[in-house]
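Novice: What follows is a structure written as structure tokens; I'll ask about it next.
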Amino acid sequence: MENIVRYMEKNGGFAKMKELKEEGFQTRDIAFLVKDGAIEKVKPGLYRLSDYGFFEDKNVSFLSVCRAIPNAIICLISALDYYELTLFNPSEIYYAIPNSEKVKKIEYPPVKPFFFRERFYTPGIEKIKTQFGEIRIYNKEKTVCDMFRYRNKLGDDIALEGLKNYLKLKKSNILKLSEYAEICQVKTVMMPIIKALVG
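Using our numbering, you'd call the opening residue of the sequence shown number 1 and step up by one each time.
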């Protein structure tokens, strides 16, 4: 069983059941490690180590979602939190998928899916490479504009907080923000607020 753990350590702390079987590991040993708490089931067929160095990193949940759902993009409050543009700490991972897709069940972490139409889904995706895998997330500008697009559902206060904090950044880019506001169809709402905030 230690061989299973070592194999997963070499693969960034994650492994698919198919890969484990191909390496000759027994299903019963994998089930024992899950019951013992040494590994966790992310979704059927995907596992991760419970106790591994990178799990101290808050981004592990993002990695789990991106590994489990190939088209998932971290979005909205989760992305806002990642960029430290809000003090709100969501209890679920918010992710976007194309509205033509079905939700895939994830056992851990808790998630909240959002279905984006193609015009809203495709722009602004960034791929952040870590030593343990790739995180797909919307950039700061797209995230702030998405928050205004969902302000009635998620709250005007968080959207405004995100915008204010973005504008305080040294690398804030009002032109880029305006372009994403146009894409997200919130330009008429956001621009008067931006003008009021920046003077």
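All C-beta atoms in this analysis are idealised placements derived from N, C-alpha and C, irrespective of residue type, glycine included.
What you are looking at is a predicted structure, and each value in this text was computed from that prediction instead of being measured.
(1) Given 8 Å as the limit, is there contact between the segment 111-125 and the segment 39-50, that is, 3 or more CB pairs closer than that?
(2) Please classify Arg151: does DSSP put it in a helix, a strand, or coil?
(3) Within 10 angstroms of its Cβ, does Ser100 collect 16 or more other Cβ (buried), or is it exposed?
(4) My output table needs one value for Ala38: the three-state DSSP class, helix, strand or coil.
(5) Measuring straight from C-alpha to C-alpha, what distance separates Glu2 and Val189?
(6) Within 10 angstroms of its Cβ, does Glu56 collect 16 or more other Cβ (buried), or is it exposed?
(7) In or out: Ile30 buried (at least 16 other Cβ within 10 Å) or exposed?
(8) Which same chain residues, not among the five before or five after Phe115, have their C-beta less than 8 Å away from its C-beta?
(9) State buried or exposed for Thr27, treating a residue as buried only when at least 16 other CB atoms are found within 10 Å of its CB.
(10) Could I get the ranges of all uninterrupted alpha helix (DSSP H) runs contained in the segment 119-166, with 4 residues as the minimum, in chain order?
(11) Could you tell me which residues DSSP puts in a beta bridge with Pro98?
(12) Tell me which residues share the same chain as Val42 and place their Cβ nearer than 8 Å to its Cβ, disregarding the 5 neighbours each side in the sequence.
(13) Residue range of the alpha helix (DSSP H) that Leu80 falls in?
(14) Does the structure place the segment 162-170 close enough to the segment 124-136 that three or more beta carbon pairs sit under 8 Å?
(15) Using CA atoms only, rank isn't needed, just tell me which of Ile158, Lys187, Val198 and Ala72 is closest to Leu85.
(16) Which of the three DSSP states is assigned to Lys104 in this structure?
(17) Quick check on the burial criterion: 16 or more other C-beta atoms within 10 angstroms. Buried or exposed for Ser61?
(18) What is the DSSP secondary structure of Val111, counted as helix, strand or coil?
(19) Can you say whether Pro113 is buried or exposed, counting buried as having 16 or more other CB atoms within 10 angstroms of its CB?
(20) Just the Cα atoms here: how many angstroms apart are Lys176 and Glu141?
(21) Between Asn11 and the rest of its own chain, which residues show a CB-CB distance below 8 Å, the 5 nearest in sequence each way excluded?
Specialist: Quick look at the numbers:
(1) no
(2) helix
(3) exposed
(4) coil
(5) 56 Å
(6) A caution first: Glu56 carries a pLDDT of 46, below 50, which makes its placement in the model unreliable, though a value can still be read off. Label assigned to Glu56: exposed.
(7) buried
(8) Ala96, Ile97, Pro98, Asn99 and Glu101
(9) exposed
(10) 140-149 and 151-154
(11) Phe116
(12) Phe14, Arg48, Ser64, Arg67, Ala68, Ile106, Glu107 and Tyr108
(13) Leu76 to Tyr82
(14) no
(15) Ile158
(16) coil
(17) buried
(18) strand
(19) buried
(20) 7 Å
(21) Glu19
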